[in-house]
Amino acid sequence: MNLKVISRNVGMALLVSALFMLLSVLISLHDGADSALAPLVISFIITFIVGIFPFFFVRKTSQISLKDGYMIIFLSWLLSFIFGSMPYALWGGPFTVVNAWFESVSGFTTTGATILSDVEALPRSLLFWRSATHFIGGLGVVVFLLLIIPTSSPVRLRLTNMELSSLSRDDYKSRANRTVYIFAWVYLGLCAAAFLCYWAAGMSAFDAICHAFSVCAAGGFSTRNLSIGAFDSTLISLVTIVFMFLASVHFGLIFIALVGRTLRPLRNPVMRFYLVWLAVISIVTSISLKFGGIDKSWGSALLDGTFHVVSYASTTGFAISDNASWPMLPCFLLMLVSLVCGCAGSTTGGMKVDRVMVLIKAIHMQIQKTLYPSSVFEVRMGRRVLHDEEIYPQILYLALFILLIGLSTFLCLLFGDPNGNALHGSVSTLTNVGPSLGSIGSMGNYDAEPLPMKLIFSANMFLGRVEIFPVFAVISSLVNRKYQGRA
1144 MNLKVISRNV GMALLVSALF MLLSVLISLH DGADSALAPL VISFIITFIV
1194 GIFPFFFVRK TSQISLKDGY MIIFLSWLLS FIFGSMPYAL WGGPFTVVNA
1244 WFESVSGFTT TGATILSDVE ALPRSLLFWR SATHFIGGLG VVVFLLLIIP
1294 TSSPVRLRLT NMELSSLSRD DYKSRANRTV YIFAWVYLGL CAAAFLCYWA
1344 AGMSAFDAIC HAFSVCAAGG FSTRNLSIGA FDSTLISLVT IVFMFLASVH
1394 FGLIFIALVG RTLRPLRNPV MRFYLVWLAV ISIVTSISLK FGGIDKSWGS
1444 ALLDGTFHVV SYASTTGFAI SDNASWPMLP CFLLMLVSLV CGCAGSTTGG
1494 MKVDRVMVLI KAIHMQIQKT LYPSSVFEVR MGRRVLHDEE IYPQILYLAL
1544 FILLIGLSTF LCLLFGDPNG NALHGSVSTL TNVGPSLGSI GSMGNYDAEP
1594 LPMKLIFSAN MFLGRVEIFP VFAVISSLVN RKYQGRA
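Here the sequence shown stands for residues 1144 to 1630, numbered as in the numbering used here.
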C-alpha cells in the first residue's frame, strides 16, 4: 500500500472541503462577522494545512493500484466527516462532539438527517456550510478524486462503480474516461438550473443556493425549520418535486436527452418502471391522505402525497407537512419507496430500482425454468441480456442490504431504543433518506436518540452512501495485511 500516493489524493479531497469552508467564512464576513466566523476560520486553516501538506512532500504519480484507490476513497470520506464536523463542534450550542459528527456524516452522505430542532438559530454561514456538505457529497468525493486520477490509470473505471452502478454505465454511450465528466456536468447543470428556478419562484438568493445544493444532491438540509413547507408556495413545492425527480434519474439518460434533444430515454425500461412506480404510489398515498382527513381538498392531497413520495423515493427528505399524524398506509408506502429509491447513476441512495428490476426478472426466470426445465430463458434489461455474473452481485447486494437493516435494528434494540425508532431509523439512514416516521419523521430530528444509536445510524449513512462493498473491501484488505504481517 503506497501511503504517499494515498496521502496526496486524500489531501485533494480535504482541499475541496477547505474551499467551501472559505466560502462560508466570506458569508460570515458579509453578515458582519457572525458567531460562526471563528469556528469556520479555525476549521478552514486546519483543513487546508492538512490537505496541502502532502503536496509539498509527495510527487504526483499515475501508478495507483486498486487497493490504493479503495483506501483513498475510504479515507477521503472518513476524513471529510471528521474535518467537516469541526465548524459545528467549535460553534457549540446543540453540537456536542457526537452531534457534530452525526450532522457532518449526514451532510456529506447526503442523508439529510439532523439533530437540530431549531435550524434557523444557526448563522447563515453555518447554514451554508451544512448545504455545502451536501453539494460535495452529492457530486461525491469519489468524483472529485476521479477528476484527478489519470485517465490512463486502469483503477479509474473500477472506482467509478462506487458512484455509478455497473448496471448503468452502458447507458452513457461514452468512453469510460468520460463517464465521470458526464456525471459532473449534469450534476452542476442541475444545481445551476435549480438555483435559478428557486430564485425565480420567490426564494432569496441565499435560500435558493442552499436548497439547490440540497435538492440536486438528494440531501434534504434546509435553511428553515419547516423545510420547503416554510415557504408556503405551491410553485416552490412543484419546482422541488421536479428537481428531486431529476436527481433520482440516471444522469446518463439526462445527458442523452439534453445532448440528443430527444425523449428516447423515456423508452428505457428502468425509467418506465420508475415512473409507473412513483405514479401508482403517489396516487394511492394521495387518496389515503384525502380519505384519512389529513388534507381537505384533492389538490392539496395530491401535492402532499406526490411531494413526499418523490422526496422519500429520491432520498432527498424535504417536507411540506408533518407525516407524524399520517394514517398507517401512506407511512408504510413511504418506507417502501425509501427502500427501493431511485435509479443507479444518480445521487440517490437505497437499493436502487435497477436492482429491484433485476431481482423481479430473475425470480420470473427461475419460475419459468421450474415450469419448463428443458427451455432456455434469459434476463433482459431492454435489449441487453444480463448474464449470471452480472445478476448475482446485484441480488447479493440486496440480500446484504436487508441483512444490514436487520443487524442495525438489533444493535439499536440492544443498546436501547427509548423512542421506538430502531427499525425505520435503520431503514432511513442506510438508504440515505434521512427523515423517517414518528419523532424522526418529516418534521422531526434525531437529537433525542441515544448516543449509541447516533453512532450506529452514522455508520449506516456511510455504508449506504458508498454502497457497502467498498468499505468491506478496505476492511478485508487491512485484516489480510495484518495477518500476513504476523505470518
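The C-beta atom is built at its ideal place from N, Cα and C for all residues, glycine as well.
query, result
"Nearest-angstrom Cα separation, counted from Ala1176 out to Leu1482", "43 Å"
"Segment limits, alpha helix (DSSP H) that includes Leu1529", "Not the alpha helix (DSSP H): Leu1529 falls in the beta strand (DSSP E), residues 1527 to 1529."
"Three-state secondary structure (DSSP) of Val1423", "helix"
"Cβ-Cβ distance between Ile1548 and Leu1573 below 7 Å", "yes"
"Nearest-angstrom Cα separation, counted from Ile1506 out to Arg1312", "Because Arg1312 carries a pLDDT of 46, less than 50, the predicted location of this residue cannot be relied on, and the following value inherits that uncertainty. The alpha-carbon atoms of Arg1312 and Ile1506 are separated by roughly 24 Å."
"Beta-carbon proximity list for Val1452, same chain, < 8 Å, skipping 5 on both sides", "Leu1421, Ile1424, Ser1425, Thr1428, Leu1476, Leu1477, Val1480"
"Distance, Trp1220 Cα to Leu1541 Cα", "23 Å"
"Short Cβ contact (7 Å threshold) for Cys1555 with Met1596", "yes"
"Within 7 Å, strictly: CB atoms of Val1392 and Ser1489", "yes"
"Arg1407 (DSSP reduced to helix, strand or coil)", "helix"
"Other residues of its chain near Ile1215: CB distance less than 7 Å, five sequence neighbours each side excluded", "Ile1149, Asn1152, Val1153, Leu1288"
"Cα-Cα separation, Thr1239 to Ile1399", "46 Å"
"Which listed residue (Ser1582, Gly1255, Phe1544) has its alpha carbon closest to that of His1277", "Gly1255"
"Alpha helix (DSSP H) segment containing Met1500, residue limits", "1496 to 1514"
"Nonlocal neighbours in the same chain, by C-beta distance under 6 Å from Leu1378, ignoring five residues either side", "Ala1344"
"Whole-angstrom C-beta distance between Gly1581 and Ala1467, which should lie under 8 Å", "6 Å"
"Ser1171 beta carbon less than 7 Å from that of Leu1183", "yes"
"Per-residue burial, Leu1514 [other beta carbons within 10 Å of its own, 16 or more giving buried]", "exposed"
"Candidates Val1241, Gly1587, Ser1160: closest to Leu1594 by CA position", "Val1241"
"Local conformation of Arg1523 per DSSP, three classes", "strand"
"Sequence-distant residues of its chain with Cβ nearer than 7 Å to Val1622 (five each side left out)", "none"
"Touching by the beta-carbon criterion (3+ pairs, under 8 Å), the stretch 1223 to 1238 and the stretch 1331 to 1338", "no"
"Closest Cα partner of Met1346 within the set Ser1365, Pro1613, Cys1359, Tyr1535", "Ser1365"
"Stretch pair the stretch 1455 to 1474 + the stretch 1514 to 1525: three plus CB contacts closer than 8 Å", "no"
"Cα-Cα separation between Phe1224 and Leu1209, rounded to whole angstroms", "23 Å"
"Runs of alpha helix (DSSP H) lying entirely within the stretch 1577 to 1612, each at least 4 residues, in chain order", "1594 to 1608"
"Status (buried if at least 16 other CB within 10 Å, exposed otherwise) for Ile1463", "buried"
"Pairwise C-alpha distance: Ser1228 and Gly1568", "22 Å"
"Selection from Cys1474, Arg1498, Pro1473, Leu1472 that minimises the alpha carbon distance to Cys1484", "Arg1498"
"Rounded straight-line distance, which links the Cα of Thr1257 to that of Val1193", "27 Å"
"Inter-residue spacing [alpha-carbon to alpha-carbon] between Lys1316 and Val1522", "Any answer about Lys1316 is weak, because its pLDDT of 44 lies below 50 and its placement is not dependable; what the coordinates show is given next. Computed Cα separation, rounded: 21 Å."
"Same chain, Cβ closer than 8 Å to Met1500, five either side skipped, listed in chain order", "Pro1412, Val1413, Phe1416, Met1524"
"Inter-residue spacing [alpha-carbon to alpha-carbon] between Gly1372 and Phe1600", "26 Å"
"Burial state of Val1519 (16 or more Cβ within 10 Å)", "exposed"
"Val1262 beta carbon less than 7 Å from that of Asn1145", "no"
"Distance, Leu1418 Cα to Pro1408 Cα", "12 Å"
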